[in-house]
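If you read the protein sequences in the order shown, they are chains A and B. Residue 0 is where the first sequence starts when you use numbering that gives the first Met the number 0, and the numbers rise one by one after that. Residue 0 is where the second sequence starts when you use numbering that gives the first Met the number 0, and the numbers rise one by one after that. All C-beta atoms, glycine included, are put in the ideal place defined by N, C-alpha and C. Data block below; observations after.
There are 2 protein chains.
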Amino acid sequence: MTAPCSPHPFDTDTAFDTVAPGKFASNLSSGWNNNTGHPNGGYVLAVCLRSLLATVPMPHPRAVAASYVRSTESGPASIETDLVHTGRRVATAEGRLVQHGIERLRVIAQFGDLHNTGEPTLASDDPPDLPPPEHCVDLVAGAPIPLVTFTDNVEYRYPEMPGWRTGKPSGVTTSKFWTRFKEHRPADSLGLTCLVDAGAAPVMEIGAAGSATIALSVYLWREAGPEWLAYRAVTRHIIGGYHDEDVEIWDCDGRLLAEAHKFALIRPSPHPTKERGPTLEGQ
Amino acid sequence: MTAPCSPHPFDTDTAFDTVAPGKFASNLSSGWNNNTGHPNGGYVLAVCLRSLLATVPMPHPRAVAASYVRSTESGPASIETDLVHTGRRVATAEGRLVQHGIERLRVIAQFGDLHNTGEPTLASDDPPDLPPPEHCVDLVAGAPIPLVTFTDNVEYRYPEMPGWRTGKPSGVTTSKFWTRFKEHRPADSLGLTCLVDAGAAPVMEIGAAGSATIALSVYLWREAGPEWLAYRAVTRHIIGGYHDEDVEIWDCDGRLLAEAHKFALIRPSPHPTKERGPTLEGQ
Numbered sequence: 000m001t002a003p004c005s006p007h008p009f010d011t012d013t014a015f016d017t018v019a020p021g022k023f024a025s026n027l028s029s030g031w032n033n034n035t036g037h038p039n040g041g042y043v044l045a046v047c048l049r050s051l052l053a054t055v056p057m058p059h060p061r062a063v064a065a066s067y068v069r070s071t072e073s074g075p076a077s078i079e080t081d082l083v084h085t086g087r088r089v090a091t092a093e094g095r096l097v098q099h100g101i102e103r104l105r106v107i108a109q110f111g112d113l114h115n116t117g118e119p120t121l122a123s124d125d126p127p128d129l130p131p132p133e134h135c136v137d138l139v140a141g142a143p144i145p146l147v148t149f150t151d152n153v154e155y156r157y158p159e160m161p162g163w164r165t166g167k168p169s170g171v172t173t174s175k176f177w178t179r180f181k182e183h184r185p186a187d188s189l190g191l192t193c194l195v196d197a198g199a200a201p202v203m204e205i206g207a208a209g210s211a212t213i214a215l216s217v218y219l220w221r222e223a224g225p226e227w228l229a230y231r232a233v234t235r236h237i238i239g240g241y242h243d244e245d246v247e248i249w250d251c252d253g254r255l256l257a258e259a260h261k262f263a264l265i266r267p268s269p270h271p272t273k274e275r276g277p278t279l280e281g282q
Numbered sequence: 000m001t002a003p004c005s006p007h008p009f010d011t012d013t014a015f016d017t018v019a020p021g022k023f024a025s026n027l028s029s030g031w032n033n034n035t036g037h038p039n040g041g042y043v044l045a046v047c048l049r050s051l052l053a054t055v056p057m058p059h060p061r062a063v064a065a066s067y068v069r070s071t072e073s074g075p076a077s078i079e080t081d082l083v084h085t086g087r088r089v090a091t092a093e094g095r096l097v098q099h100g101i102e103r104l105r106v107i108a109q110f111g112d113l114h115n116t117g118e119p120t121l122a123s124d125d126p127p128d129l130p131p132p133e134h135c136v137d138l139v140a141g142a143p144i145p146l147v148t149f150t151d152n153v154e155y156r157y158p159e160m161p162g163w164r165t166g167k168p169s170g171v172t173t174s175k176f177w178t179r180f181k182e183h184r185p186a187d188s189l190g191l192t193c194l195v196d197a198g199a200a201p202v203m204e205i206g207a208a209g210s211a212t213i214a215l216s217v218y219l220w221r222e223a224g225p226e227w228l229a230y231r232a233v234t235r236h237i238i239g240g241y242h243d244e245d246v247e248i249w250d251c252d253g254r255l256l257a258e259a260h261k262f263a264l265i266r267p268s269p270h271p272t273k274e275r276g277p278t279l280e281g282q
C-alpha cells in the first residue's frame with residue numbers, strides 16, 4: 000500500500016489530542032463541507048472513529064452505526080468514548096461527538112482486524128459497470144459546486160455529468176462514479192468510512208436539494224490503496240419524506256471494500272423540477 | 000387494524016416494569032429461542048425497544064441500530080435507557096439490556112410517527128414472488144426444529160421446504176417465505192422489529208449451522224395487521240467468515256413495511272456439506 004509523502008488533509012483534519020482516558024479534543028475542518036455548507040457526515044464520522052480506534056485494542060472498524068443527532072459546524076469538537084466489550088475477534092465501543100456542550104453524533108461500532116482477510120467465499124453482486132476513469136468527466140471540471148469543499152480533497156469521475164449538476168435530474172435514483180482521495184492517500188478503513196458518505200444523494204436525481212442522513216450503517220470488508228474506487232448508491236424507497244440508500248465501494252479489481260445503508264430525510268428543493276419519472280411533489 | 004382477543008405471547012413476553020426513570024425490569028422468555036437455544040435477537044431487540052418507547056415522546060421506532068455484544072439467556076433482564084435528543088419529527092434514544100450485571104445488547108434508535116405515512120413517492124423494488132400461502136408448505140409441519148421455540152409463536156410458509164431443513168442446502172443464499180404472528184397478532188412496528196430477524200439465515204443454504212448477528216439495522220416504513228407478510232433475505236457477500244444480509248418485509252398488498260441490514264459471523268456446521276455452488280470450506 001502506497002503511503003503519501005506528506006500528511007494528507009484527511010489525516011490532519013481527523014487528528015485529535017487525548018484530554019483524559021476516553022476524552023478527546025478534535026477540530027472539525029471546513030475543508031469537508033457538503034452542499035449544506037456543514038461538514039459532511041462521513042468526515043465527522045471518521046473524526047469520531049479515529050478517537051474510538053484509540054480506545055479499542057483492534058486496528059480497524061468492521062461495523063459502524065452512526066446516529067446523526069444534530070448538524071455539526073467547523074470548529075472545536077470533543078469526543079467521549081466508552082469501551083463496551085472486548086472479545087477475541089470483535090471489540091465494541093461507543094463514541095459521542097459534542098460541540099458547544101451539545102451532542103451532535105453518536106456512534107456505536109464493532110472493531111476487528113482486516114489484515115489477511117483473504118478472498119471472498121461468496122460475492123454474488125458485481126461492481127458498477129463504468130467506463131475507465133480517463134473516459135469519464137470530472138464532476139468539478141473547474142466549476143466549484145456551491146458551498147461544497149469536500150471536492151478539494153476527494154476526486155470524482157462520472158460516466159457523464161450527473162443530472163443534478165446540469166439542472167436536468169435524470170429521474171433515476173442511482174449514482175455510479177469513480178472516486179479517490181486526492182494526492183494518492185490510500186483508502187484505508189477510516190478513509191472508507193468517510194468515502195461511503197461522499198456521493199451526492201441519488202434523490203437529487205429526482206429534484207431533491209439533498210438529503211439529511213439520520214442513521215448510517217457501514218460495513219468494512221477490505222482496505223485499498225490510492226487507486227480509483229468504484230462507487231454505487233441506490234435509493235429504492237421514498238415514503239413520507241424519508242428515503243433509504245444503499246452504498247457500495249469496490250476496488251478497481253472488482254473487490255468489495257465497504258457497504259453502507261442509510262435512513263435519511265429528503266431536503267426538498269425550493270425550485271421543484273418537472274422531469275419525467277418519480278418526483279418529490281407532495282413531500 | 001384487528002386487535003387480538005387476549006394478550007399475545009409477544010406482548011406478555013416483552014412486558015416490563017418501571018423500576019425508576021430510565022430503568023426497567025423485564026424477563027426474557029424461553030418461547031422465542033432460535034436454533035442456538037438462546038433467545039432470538041429480534042425478540043431481545045423488541046424487549047429493549049419497548050422500554051425505549053416508554054422513554055421517548057414518539058409512538059414508533061423508525062431506524063434502529065442494535066449491537067449484539069454478548070448472547071442472552073431466558074430469565075430476568077434489566078434495561079437502562081437514555082433520551083439523547085427530541086426534535087420536531089425524530090427523537091433519538093439509547094437502550095442497554097443487561098443480564099447478571101453484564102451488558103448483552105446496546106440499541107440506539109430514532110423514533111417518529113408512522114401514522115398517516117401515505118403512499119410511497121418511490122418504490123423501485125418489488126416484493127418477493129411467492130405462490131399464495133395456501134399453496135406453500137408449513138416450515139414446521141408437525142416436526143419441531145431442534146432447540147427452536149420461535150415457531151411456537153410465529154408461522155412460516157415456504158414455496159418448498161428449504162434445503163437447510165431437508166439436509167440438502169440449495170447453494171443459493173436467498174430466503175423467501177410468508178410469515179406472521181400466530182393468533183392474529185398485528186405486525187405493528189414493534190412486532191416488525193422482531194420479525195425482521197425471524198428468518199433462518201440464508202447462509203444456512205450453503206451449509207452454515209447458522210449466523211451470529213453482530214450489528215443489525217432496521218428501518219420501519221409502515222405497520223400492518225395480522226395478515227401474511229412476504230419476507231425476503233439475501234446474503235451477497237461472505238468474506239473472512241463474516242457475511243452481510245439484507246431483509247425486507249412486505250404486506251400482502253405489496254407495500255414495504257420494514258427493511259433490515261446485518262453484519263454477522265458465520266456459525267460453521269460441524270458436518271460440512273458437499274453441495275454445488277459456494278460452500279463454507281476454508282472458513
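Does the beta carbon of residue i come closer than 7 Å to any beta carbon on chain A?
i, result
"VAL217(B)", "no"
"VAL83(B)", "yes"
"THR148(B)", "no"
"HIS59(B)", "no"
"ALA122(B)", "yes"
"GLU274(B)", "Note on GLU274(B): pLDDT 45, under 50, position unreliable in the model; the coordinate value appears next. By this cut-off, GLU274(B) is not an interface position."
"GLY285(B)", "Not covered by the structure: residue 285(B). The range shown for chain B is 0 to 282."
"SER188(B)", "no"
"VAL246(B)", "no"
"SER50(B)", "no"
"VAL68(B)", "yes"
"ALA64(B)", "yes"
"TRP31(B)", "no"
"THR116(B)", "yes"
"LEU191(B)", "no"
"LEU255(B)", "yes"
"HIS236(B)", "yes"
"TRP227(B)", "no"
Any beta-carbon of chain B closer than 7 Å to the one on residue i?
i, result
"GLN98(A)", "no"
"PRO119(A)", "yes"
"MET0(A)", "No answer about MET0(A) holds up, because its pLDDT of 47 lies below 50 and its placement is not dependable."
"PHE180(A)", "no"
"THR212(A)", "no"
"ARG266(A)", "no"
"TRP163(A)", "no"
"PHE262(A)", "yes"
"TRP298(A)", "It is not possible to answer for residue 298(A), since the shown part of chain A is limited to 0 through 282."
"THR91(A)", "yes"
"ILE107(A)", "yes"
Could you give the DSSP three-state label for residue i: helix, strand or coil?
i, result
"HIS192(A)", "What sits at residue 192(A) in the sequence shown is Thr, not His. Residue state, collapsed to three classes: helix."
"ARG275(B)", "Here ARG275(B) scores only 45 on pLDDT, less than 50, and its place in the model is too uncertain to base an answer on."
"ASP128(A)", "coil"
"GLU222(B)", "coil"
"GLU280(A)", "Confidence at GLU280(A) is low in this model, with a pLDDT of 43, below 50, so the placement of that residue is unreliable and no value is reported for it."
"GLU93(A)", "strand"
"THR13(A)", "coil"
"PRO6(B)", "coil"
"GLU133(A)", "helix"
"ALA200(B)", "coil"
"VAL297(B)", "Because chain B here runs from 0 to 282, residue 297(B) falls outside it and cannot be looked at."
Is the distance from the Cβ of residue i to the Cβ of residue j below 7 Å?
i, j, result
"ALA186(B)", "ALA232(B)", "no"
"PRO168(B)", "GLY206(B)", "yes"
"ALA65(B)", "LEU215(B)", "yes"
"ALA229(A)", "SER268(A)", "no"
"VAL147(B)", "VAL195(B)", "no"
"TYR218(A)", "GLU258(A)", "yes"
"VAL202(A)", "ILE265(A)", "yes"
Can you find a heavy atom of the ligand SAM that lies under 6 Å from the Cβ of residue i?
i, result
"HIS37(B)", "No copy of the ligand SAM appears in this structure; indeed no ligand is present at all."
Spell out a yes or no on whether the stretch 224-243 of chain B and the stretch 62-77 of chain B are touching, meaning 3 or more CB-CB pairs, one atom from each, closer than 8 Å. no
Taking one C-beta from the stretch 8-25 of chain A and one from the stretch 130-137 of chain A each time, how about it: are there three or more such pairs within less than 8 Å? no
Flag this pair as touching only if the stretch 39-51 of chain A and the stretch 93-112 of chain A have three or more C-beta atom pairs under 8 Å; answer yes or no. yes
Sufficient close CB pairs (3 or more, under 8 Å) joining the stretch 108-116 of chain B to the stretch 151-161 of chain B: no
Identify every run of the beta strand (DSSP E) within the stretch 235-268 of chain A, keeping only runs that are complete inside it and at least 3 residues long; order them along the chain. 236-238, 241-249, 255-266
How about the stretch 112-120 of chain B and the stretch 52-65 of chain B: do they share at least three Cβ pairs that are nearer than 8 Å? yes
Does the stretch 175-184 of chain B come within contact of the stretch 24-43 of chain B, defined as at least 3 CB pairs closer than 8 Å? no
Beta strand (DSSP E) segments (min. 3 residues) lying fully within the stretch 136-179 of chain A: 153-157
Just to confirm the assignment: which complete beta strand (DSSP E) runs, minimum length 3, are found wholly within the stretch 59-86 of chain A? 59-67, 74-85
Report the start-end ranges of each alpha helix (DSSP H) in the stretch 20-59 of chain B that is 4 residues or longer and not cut off at the edges. 40-52
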